[in-house]
């Protein structure tokens with residue numbers, strides 16, 4: 003009996019179940035010999051199953067008498083083909099069912115294959131942590147001077163410094179414009195019928211009269227009262243300005259009426275004579291008094307650019323008078339007043 007050479011199997015391997023092959027089916031295919039060759043015509047006249055295996059002589063059916071593919075698995079009995087009927091080397095691994103052959107030992111590792119092509123660049127990884135600061139580099143060269151920046155905001159005011167040392171005495175100045183006269187007093191000025199000045203308040207040209215005399219100014223200042231405060235001019239001079247202010251010492255109801263107060267220099271050519279107003283020295287205070295004038299109401303006036311001469315030895319005074327227009331023309335005005343007369 004021929005020996006079937008197959009791949010080594012373990013001693014206790016299970017019994018194998020072989021699949022039929024073309025070469026292994028020669029012995030069992032005798033049935034088909036009668037259908038071939040010179041017997042074909044007779045065979046076509048035989049009935050189904052008329053020829054059985056016992057009617058075929060051993061070796062009568064060879065491979066050349068079996069059509070290719072004529073013998074299939076369903077035409078063979080179970081276990082009809084044993085290892086004794088399989089030629090050595092005729093079976094390959096593909097002829098066995100999966101799992102029929104044992105797994106052989108792992109072979110030796112093959113040689114490394116050639117290096118593959120470089121793959122495409124993958125997506126960028128996450129940003130890593132910042133590294134440690136490096137060592138400071140060497141100082142660079144000084145840059146050029148930049149453009150001047152805008153001025154900053156002024157700083158806070160500093161503390162007052164110490165007083166400096168007194169300066170050197172200055173040169174003597176030029177002669178001044180001259181001296182002036184200042185006077186003040188308290189009295190009552192009146193207006194009479196027609197709103198004309200009645201009594202005026204008489205003030206000395208220089209000095210003061212806390213309780214000033216009053217007198218008529220009709221036709222000139224009342225000589226008897228004016229002489230009480232008259233000032234003799236020590237030298238000839240020119241009046242350059244008159245500044246006048248007053249305060250009302252009582253309240254007035256001047257419904258439909260307006261009162262103006264004015265100051266003017268009066269003088270005469272001899273002491274004891276009637277003093278007359280000096281033209282160009284009148285100065286009217288503003289605002290005018292009208293309506294309800296409360297206690298403490300004030301007014302003032304300034305007249306500058308004057309050039310009115312006075313003679314040495316002439317007596318002179320300042321007279322404050324009032325004039326009224328409107329419905330109420332007769333009035334009495336208690337006032338406190340002050341007048342400055344500038345001269346050169």
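Numbering (the working numbering), first residue to last: 3 to 346.
Virtual Cβ for every residue (Gly too), placed ideally from N, Cα, C.
Keep in mind it's a predicted model, so treat the numbers as computed, not measured.
{"Check": "Local conformation of residue 196 per DSSP, three classes", "Outcome": "helix"}
{"Check": "Residue nearest to residue 235 in terms of C-alpha spacing, selected from 218, 269, 223", "Outcome": "269"}
{"Check": "Residue 57 in three-state terms, based on DSSP", "Outcome": "helix"}
{"Check": "Sub-8 Å separation of residue 196 and residue 216 beta-carbons", "Outcome": "no"}
{"Check": "Distance, residue 259 Cα to residue 250 Cα", "Outcome": "16 Å"}
{"Check": "Per DSSP, cross-strand counterpart(s) of residue 245", "Outcome": "304, 342"}
{"Check": "For residue 257, the nearest candidate out of 333, 91, 312 (CA to CA)", "Outcome": "333"}
{"Check": "According to DSSP, residues forming a beta bridge with residue 268", "Outcome": "279, 319"}
{"Check": "Proximal residues to residue 344 (C-beta, below 6 Å), its chain only, five neighbours per side dropped", "Outcome": "182, 242, 243"}
{"Check": "C-beta atoms of residue 187 and residue 214 nearer than 8 Å", "Outcome": "yes"}
{"Check": "Those residues which DSSP pairs with residue 337 across a bridge", "Outcome": "189, 250"}
{"Check": "Closest by C-alpha distance to residue 309, when choosing among 284, 88, 92", "Outcome": "284"}
{"Check": "Inter-stretch contact at 8 Å, needing at least 3 Cβ pairs: the stretch 219 to 229 / the stretch 277 to 297", "Outcome": "yes"}
{"Check": "According to DSSP, residues forming a beta bridge with residue 312", "Outcome": "239"}
{"Check": "Euclidean distance between Cα positions of residue 129 and residue 99", "Outcome": "56 Å"}
{"Check": "Delimiting residues of the beta strand (DSSP E) encompassing residue 225", "Outcome": "Careful: residue 225 lies outside any beta strand (DSSP E), inside the alpha helix (DSSP H) at 225 to 228."}
{"Check": "For residue 238, the nearest candidate out of 318, 342, 125 (CA to CA)", "Outcome": "318"}
{"Check": "Rounded separation between residue 113 and residue 84 - CA only", "Outcome": "41 Å"}
{"Check": "Residue 218 - containing beta strand (DSSP E), residue span", "Outcome": "216 to 218"}
{"Check": "Outcome for residue 325 when other beta-carbon atoms lying within 10 angstroms are tallied against a minimum of 16", "Outcome": "buried"}
{"Check": "Coarse secondary structure for residue 86, derived from DSSP in three states", "Outcome": "helix"}
{"Check": "Of the listed residues 233, 192, 198, 222, nearest to residue 210 (C-alpha basis)", "Outcome": "233"}
{"Check": "Proximity below 8 Å, CB of residue 301 to CB of residue 287", "Outcome": "yes"}
{"Check": "Start-to-end residues for the beta strand (DSSP E) that takes in residue 292", "Outcome": "291 to 295"}
{"Check": "Residue 293 versus residue 252 - alpha carbon distance", "Outcome": "14 Å"}
{"Check": "DSSP bridge partner residues for residue 325 (one or two, in chain order)", "Outcome": "262"}
{"Check": "Cutoff 6 Å; reference residue 224; Cβ partners in own chain excluding five residues on either side", "Outcome": "217, 218"}
{"Check": "Neighbourhood of residue 189 by C-beta distance below 6 Å, restricted to the same chain and skipping five residues each side", "Outcome": "203, 214, 216"}
{"Check": "Buried or exposed (CB count within 10 angstroms, at least 16 for buried), residue 152", "Outcome": "exposed"}
{"Check": "For residue 140, three-class secondary structure by DSSP", "Outcome": "coil"}
{"Check": "Separation of residue 142 from residue 148, as counted between CA atoms", "Outcome": "16 Å"}
{"Check": "Continuous beta strand (DSSP E) stretch holding residue 202: start and end", "Outcome": "201 to 206"}
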